[in-house]
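One structure is given here, and the rest of the page talks about it.
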Amino acid sequence: MVSNDSLPIQVKAGRDGFTLVPHPSASFDSIMDYMRRRLSESRDFFHRSNMILDLRTRHLGSDEIQALNNLLVELSEAGLIEVKISDDLSMSVHGSQHKRAGSPSSSIPSPVEACPVIVRSTCRSGARVVSTSDCVILGDVNPGAEVIAAGDIIVFGSLRGVAHAGATGNRSARIWALSIEPNQLRIADLVAVPPRGSKPTPKRYEIAEITEDAIGVTTV
Amino acid sequence: MAGKTIVVTSGKGGVGKTTTVANIGTTLAKKKYSVVLIDADIGLRNLDVVMGLENRIVYNLVDIIEGKCRMQQAMIRDRKLANLYIIPAAQTREKNAVQPEQMKTLCAELMEEFDFVLIDCPAGIEQGFKNAVAGAQTALVVTTPEVSAIRDADRVIGLLEAAMLHDIHLIINRLNQKMVKKGDMMSTQDIVGLLAVPLLGVVPESEDVVVSTNRGIPLVHDRGSRAGVAFQRIAARLNGENVPLDDNGAEGFFGRMKRFIWS
Numbered sequence: 001m002v003s004n005d006s007l008p009i010q011v012k013a014g015r016d017g018f019t020l021v022p023h024p025s026a027s028f029d030s031i032m033d034y035m036r037r038r039l040s041e042s043r044d045f046f047h048r049s050n051m052i053l054d055l056r057t058r059h060l061g062s063d064e065i066q067a068l069n070n071l072l073v074e075l076s077e078a079g080l081i082e083v084k085i086s087d088d089l090s091m092s093v094h095g096s097q098h099k100r101a102g103s104p105s106s107s108i109p110s111p112v113e114a115c116p117v118i119v120r121s122t123c124r125s126g127a128r129v130v131s132t133s134d135c136v137i138l139g140d141v142n143p144g145a146e147v148i149a150a151g152d153i154i155v156f157g158s159l160r161g162v163a164h165a166g167a168t169g170n171r172s173a174r175i176w177a178l179s180i181e182p183n184q185l186r187i188a189d190l191v192a193v194p195p196r197g198s199k200p201t202p203k204r205y206e207i208a209e210i211t212e213d214a215i216g217v218t219t220v
Numbered sequence: 001m002a003g004k005t006i007v008v009t010s011g012k013g014g015v016g017k018t019t020t021v022a023n024i025g026t027t028l029a030k031k032k033y034s035v036v037l038i039d040a041d042i043g044l045r046n047l048d049v050v051m052g053l054e055n056r057i058v059y060n061l062v063d064i065i066e067g068k069c070r071m072q073q074a075m076i077r078d079r080k081l082a083n084l085y086i087i088p089a090a091q092t093r094e095k096n097a098v099q100p101e102q103m104k105t106l107c108a109e110l111m112e113e114f115d116f117v118l119i120d121c122p123a124g125i126e127q128g129f130k131n132a133v134a135g136a137q138t139a140l141v142v143t144t145p146e147v148s149a150i151r152d153a154d155r156v157i158g159l160l161e162a163a164m165l166h167d168i169h170l171i172i173n174r175l176n177q178k179m180v181k182k183g184d185m186m187s188t189q190d191i192v193g194l195l196a197v198p199l200l201g202v203v204p205e206s207e208d209v210v211v212s213t214n215r216g217i218p219l220v221h222d223r224g225s226r227a228g229v230a231f232q233r234i235a236a237r238l239n240g241e242n243v244p245l246d247d248n249g250a251e252g253f254f255g256r257m258k259r260f261i262w263s
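For the record, the sequence lines run as chains A and B. All residue numbers for the first sequence refer to my numbering, where the first residue is 1 and numbers rise by one. All residue numbers for the second sequence refer to my numbering, where the first residue is 1 and numbers rise by one.
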């Protein structure tokens with residue numbers, strides 16, 4: 001019997017489902033191999049369960065998280081519902097359980113059903129936040145970061161990166177931020193580039209929305 | 001006594017990582033601390049040139065890690081300071097010759113003997129970056145007041161946070177006060193506001209840096225250099241000394257007056 005500490009990834013049962021904790025020095029391949037074996041051994045046990053991926057001790061890339069999620073879905077119809085990145089930052093991956101329980105075939109849940117993604121830190125260059133519903137960022141969105149949401153985007157800070165609201169085609173989606181000075185704004189199928197030159201600083205906040213087939217920013 | 005491992009990184013190349021490592025290291029050594037500088041830029045070494053020690057290299061970092069020599073054999077002592085050493089990078093090897101775990105072990109060993117272990121990180125965010133960051137507890141992110149350098153610094157800070165390294169400080173290099181006043185360059189406040197990490201110091205743009213690099217003598221040996229003074233103050237702050245952040249008159253005459261009145 002191998003001790004728990006040396007496993008490439010630990011599976012811990014919890015109230016809301018299972019928490020997956022990868023070993024800090026395990027290779028990604030060994031994690032995948034172990035999960036594949038574990039899931040095929042007890043397929044019914046994990047069937048349609050909720051998985052939480054805990055990345056506080058080991059970092060995984062977004063493509064690796066995706067690959068792991070695909071494996072979970074494929075072998076036992078389970079799926080990641082949350083990824084813990086640090087103590088104050090967690091990301092829900094697929095919106096909510098409603099989606100898989102209700103209609104496993106539809107790939108895009110309606111924004112009303114899914115939970116919003118809340119990010120409690122600044123999104124730095126290279127960060128990419130994707131939400132199947134609304135997205136709330138408690139911090140700045142720096143140049144080079146991307147926030148994509150099927151619903152609205154709310155930034156409690158300056159929006160300087162790229163934001164795409166209504167990514168699945170919802171033209172009534174809006175973007176709120178304390179200050180909007182982005183590289184590029186996208187709502188549904190429209191793209192806008194801010195005018196060159198300085199603009200007055202907003203007193204309270206700014207809203208970007210589609211008015212007459214163009215994206216306009218209103219300062220409040 | 002256990003020391004401290006500090007990595008100096010930036011993302012973008014040419015912003016002054018190596019100069020920062022050489023000058024901070026020399027200043028700390030002048031304060032009688034034992035210091036070792038590690039050049040982690042395997043394949044493109046240049047810390048030894050900046051320190052003026054290139055003709056003394058026999059063994060390098062990869063030799064230590066592969067067990068071809070003892071650690072003491074690869075450590076080169078500085079020409080002026082007896083308590084300052086550098087471990088040069090291998091010029092003829094590739095970055096994947098070293099693994100993050102091995103760097104961690106090496107840093108842990110060095111920390112037993114030295115007060116400060118400074119790592120010169122290569123540009124970029126690939127294997128070399130991961131190696132350099134692996135053993136560090138503190139990171140100094142160097143940037144210049146250019147949009148491209150700031151963007152890369154932002155990315156690097158994000159990666160450092162993902163690698164569980166949370167003690168991050170910012171150094172702004174090559175700030176030109178005249179251009180900031182004219183509005184042609186981003187100001188210190190703008191940069192700190194965007195990157196949102198504590199500022200350790202600002203180094204003014206100076207021709208002395210090129211001269212000192214070419215001669216292989218760190219700036220801090222030159223008493224008249226403003227950039228050298230800025231590096232000394234940064235090293236003092238890093239060491240926990242209370243040095244106010246008004247480098248190179250960044251606040252101007254009135255700022256100093258205000259400080260005078262308030263104190």
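In this text, a Cβ means the ideal position worked out from N, Cα and C, and glycines have one as well.
Just to confirm before moving on: does the CB-CB distance between residue i and residue j stay below 9 Å?
| i | j | result |
| --- | --- | --- |
| residue 7 (chain B) | residue 136 (chain B) | yes |
| residue 35 (chain A) | residue 71 (chain A) | yes |
| residue 195 (chain B) | residue 167 (chain B) | no |
| residue 190 (chain B) | residue 125 (chain A) | no |
| residue 25 (chain B) | residue 115 (chain B) | no |
| residue 131 (chain A) | residue 150 (chain A) | yes |
| residue 63 (chain A) | residue 84 (chain A) | no |
| residue 12 (chain B) | residue 143 (chain B) | yes |
| residue 46 (chain A) | residue 75 (chain A) | yes |
| residue 110 (chain B) | residue 20 (chain B) | no |
| residue 23 (chain B) | residue 240 (chain B) | no |
| residue 196 (chain A) | residue 167 (chain A) | no |
| residue 161 (chain A) | residue 139 (chain A) | no |
Hey, how far is the Cα of residue i from the Cα of residue j?
| i | j | result |
| --- | --- | --- |
| residue 146 (chain B) | residue 173 (chain B) | 10 Å |
| residue 236 (chain B) | residue 171 (chain B) | 13 Å |
| residue 58 (chain A) | residue 181 (chain B) | 45 Å |
| residue 225 (chain B) | residue 234 (chain B) | 14 Å |
| residue 64 (chain B) | residue 91 (chain B) | 14 Å |
| residue 10 (chain B) | residue 203 (chain A) | 34 Å |
| residue 18 (chain B) | residue 210 (chain B) | 12 Å |
| residue 115 (chain A) | residue 207 (chain A) | 22 Å |
| residue 218 (chain B) | residue 74 (chain B) | 21 Å |
| residue 189 (chain A) | residue 147 (chain A) | 15 Å |
| residue 193 (chain B) | residue 84 (chain B) | 35 Å |
| residue 44 (chain B) | residue 52 (chain B) | 16 Å |
| residue 158 (chain B) | residue 142 (chain A) | 11 Å |
| residue 32 (chain A) | residue 68 (chain A) | 7 Å |
| residue 25 (chain A) | residue 18 (chain A) | 21 Å |
| residue 183 (chain B) | residue 183 (chain A) | 21 Å |
| residue 50 (chain B) | residue 71 (chain B) | 22 Å |
| residue 94 (chain B) | residue 78 (chain A) | 42 Å |
| residue 56 (chain A) | residue 20 (chain A) | 11 Å |
| residue 215 (chain A) | residue 52 (chain A) | 37 Å |
Going by the DSSP bridge assignment, what does residue i pair with across the sheet?
| i | result |
| --- | --- |
| residue 199 (chain B) | B:170 |
| residue 147 (chain A) | A:129, A:163 |
| residue 76 (chain A) | Answer by DSSP bridge pairing: none, since residue 76 (chain A) is not bridged. |
| residue 8 (chain B) | B:120, B:140 |
| residue 38 (chain B) | B:87, B:119 |
| residue 107 (chain B) | Answer by DSSP bridge pairing: none, since residue 107 (chain B) is not bridged. |
| residue 12 (chain A) | A:19 |
| residue 77 (chain B) | B:85 |
Tell me the residue span of the beta strand (DSSP E) that contains residue i.
| i | result |
| --- | --- |
| residue 136 (chain B) | Note, residue 136 (chain B): premise wrong, no beta strand (DSSP E); not H, not E. |
| residue 216 (chain A) | 214-219 |
| residue 177 (chain A) | 175-180 |
| residue 86 (chain B) | 84-87 |
| residue 20 (chain A) | 18-22 |
| residue 38 (chain A) | Segment 28-41 is the alpha helix (DSSP H) holding residue 38 (chain A); no beta strand (DSSP E) there. |
Would you say the beta carbon of residue i is closer than 8 Å to some non-hydrogen atom of the ligand SAM?
| i | result |
| --- | --- |
| residue 48 (chain B) | The ligand SAM is absent from the structure shown, which contains no ligand whatsoever. |
Please tell me whether residue i has its Cβ less than 9 Å away from any Cβ of chain B.
| i | result |
| --- | --- |
| residue 112 (chain A) | Only weak support is given to the placement of residue 112 (chain A): the predicted model assigns it a pLDDT of 44, under 50, and the question is left unresolved by the model. |
| residue 171 (chain A) | no |
| residue 29 (chain A) | no |
| residue 121 (chain A) | yes |
So with Cβ pairs under 9 Å, would you call residue i a contact of chain A?
| i | result |
| --- | --- |
| residue 268 (chain B) | Because chain B in this structure spans residues 1 to 263, residue 268 (chain B) falls outside the shown range and cannot be described. |
| residue 7 (chain B) | no |
| residue 15 (chain B) | no |
| residue 191 (chain B) | no |
| residue 151 (chain B) | yes |
| residue 120 (chain B) | no |
| residue 167 (chain B) | no |
| residue 78 (chain B) | no |
Which stretch, first to last residue, makes up the alpha helix (DSSP H) that contains residue i?
| i | result |
| --- | --- |
| residue 151 (chain B) | 147-162 |
| residue 47 (chain B) | 47-50 |
| residue 190 (chain A) | Element bounds for residue 190 (chain A): not the alpha helix (DSSP H) but the beta strand (DSSP E), 190-192. |
| residue 29 (chain B) | 17-30 |
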